Every structure is written in C-alpha cells, then in structure tokens.
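**Q** Just passing along the structure, written as structure tokens.
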Amino acid sequence: MEKRQDLVTGLIFTGLGLVAAWTARSYSGAGGNYPMVLGLALALFGGAIALRSVRATVNAARPLAVAPHNLLIATVVAAGYIALVMPLGFFTASGLVMVIMPLMLGFRQPIYLALMALIFMSLVWAVFSIVLEKPLPPEFWSSARRGG
Numbered sequence: 798m799e800k801r802q803d804l805v806t807g808l809i810f811t812g813l814g815l816v817a818a819w820t821a822r823s824y825s826g827a828g829g830n831y832p833m834v835l836g837l838a839l840a841l842f843g844g845a846i847a848l849r850s851v852r853a854t855v856n857a858a859r860p861l862a863v864a865p866h867n868l869l870i871a872t873v874v875a876a877g878y879i880a881l882v883m884p885l886g887f888f889t890a891s892g893l894v895m896v897i898m899p900l901m902l903g904f905r906q907p908i909y910l911a912l913m914a915l916i917f918m919s920l921v922w923a924v925f926s927i928v929l930e931k932p933l934p935p936e937f938w939s940s941a942r943r944g945g
C-alpha cells in the first residue's frame with residue numbers, strides 16, 4: 798500500500814514540476830528562470846520519491862507525520878512568516894521566523910540560532926538581489942521614514 802502511494806505521489810510531483818518548468822519557458826526575459834528551477838527541483842524530488850518506492854523492499858504502513866504537533870507548529874509559524882513579510886519587511890520577518898521556529902520546536906542553542914538566521918537571510922538576499930536582481934520587500938522602518 799505505501800509503495801503504491803509513494804509511487805503515485807512521486808509521479809504527480811514529477812508531472813507538476815515538469816509542467817511548471819515547461820510553462821516558465823514562456824515567461825519573458827529572465828522572469829521564468831526562478832519558476833523553471835523550482836519546477837525542475839520539484840520534478841527531481843518527485844522522481845526520487847517514485848524511484849525510492851520502486852526500489853523499496855518493505856511495504857509497511859507508516860504514520861503520516863512522526864510528530865504531528867511539530868508539523869502544526871511549523872505550519873503556523875510559516876503562515877505567520879508569510880503574513881509578516883510585507884508589513885515588516887524581509888529581514889525583520891526572516892530574523893523573527895529563524896529564531897521563533899526553532900524555539901517553538903524545542904531547539905535551545907542561541908549561538909546556532911543567530912548564526913542560522915544570519916546565514917539564511919544572507920543566502921536569500923544574495924539569491925534575490927544579486928542572482929535574480931529582484932528587490933525584497935522593504936523594511937517597515939524604511940517605509941515609515943519615507944512617509945508611506
């Protein structure tokens with residue numbers, strides 16, 4: 798039962814990723830590069846799931862989520878992050894989520910939290926500002942200072 802579900806799920810994700818990548822080809826300029834890469838990554842991971850299910854020797858049932866309360870916490874924090882990026886700005890919202898998420902899930906090492914937040918924000922800034930040349934949402938204090 799589990800092998801068949803994993804195979805079907807992997808094939809669905811592979812198909813969705815390939816359709817997304819193919820559709821992104823029609824975007825003008827470099828605007829389709831990012832969705833194309835995401836589509837190809839989705840197809841690659843879907844293919845890996847499907848391949849793993851074909852090669853699996855055990856077909857035992859497993860729980861949908863090993864720690865459902867952690868899944869719920871992560872979902873709520875991620876939704877809060879999405880809601881806060883526009884009003885607070887990228888760096889403030891990202892810094893908050895990179896500290897709050899691990900704390901809510903039980904991680905209690907402040908040096909690693911700060912380092913992880915700094916690395917995450919630096920990588921995302923580099924991808925959007927340097928590679929994709931797309932601006933990130935401005936910080937709330939910069940728009941308040943400009944009067945808007």
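Whatever position you read off the sequence shown (first residue = 1), add 797 for our numbering. Heads up, the beta-carbon is just placed ideally off N, CA and C, and yes, glycines get one too. Computed from a prediction, not measured in an experiment: that's the story for all the values here.
Could you say which of Gly807, Leu815 and Val873 lies nearest to glycine 1026 if we only look at CA atoms?
**A** Absent from the structure is residue 1026, since the part of the chain shown begins at 798 and ends at 945.
**Q** The alpha helix (DSSP H) with glutamine 906 in it runs from where to where?
**A** Unbroken run through glutamine 906: none, as it is neither H nor E.
**Q** What is the C-beta distance between valine 874 and methionine 898, in whole angstroms, given that I count them as a contact (C-beta under 8 Å)?
**A** About 5 Å separates the two Cβ atoms, so the contact holds.
**Q** Check this for me: beta carbons of glycine 886 and glutamate 936, under 8 Å apart or not?
**A** A contact, by the Cβ cut-off of 8 Å.
**Q** Mind checking which residues open and close the alpha helix (DSSP H) that includes serine 891?
**A** Counting along the chain, the alpha helix (DSSP H) containing serine 891 begins and ends at 887 to 901.
**Q** Would a C-beta distance cut-off of 8 Å place glycine 829 and alanine 817 closer than the cut-off?
**A** It is not a contact, given that the beta carbons lie outside the stated cut-off.
**Q** Between the alpha carbons of isoleucine 826 and methionine 833, how many angstroms are there, rounded?
**A** Looking at the sequence shown, residue 826 is not isoleucine but glycine. Each residue's alpha carbon lies about 12 Å from the other.
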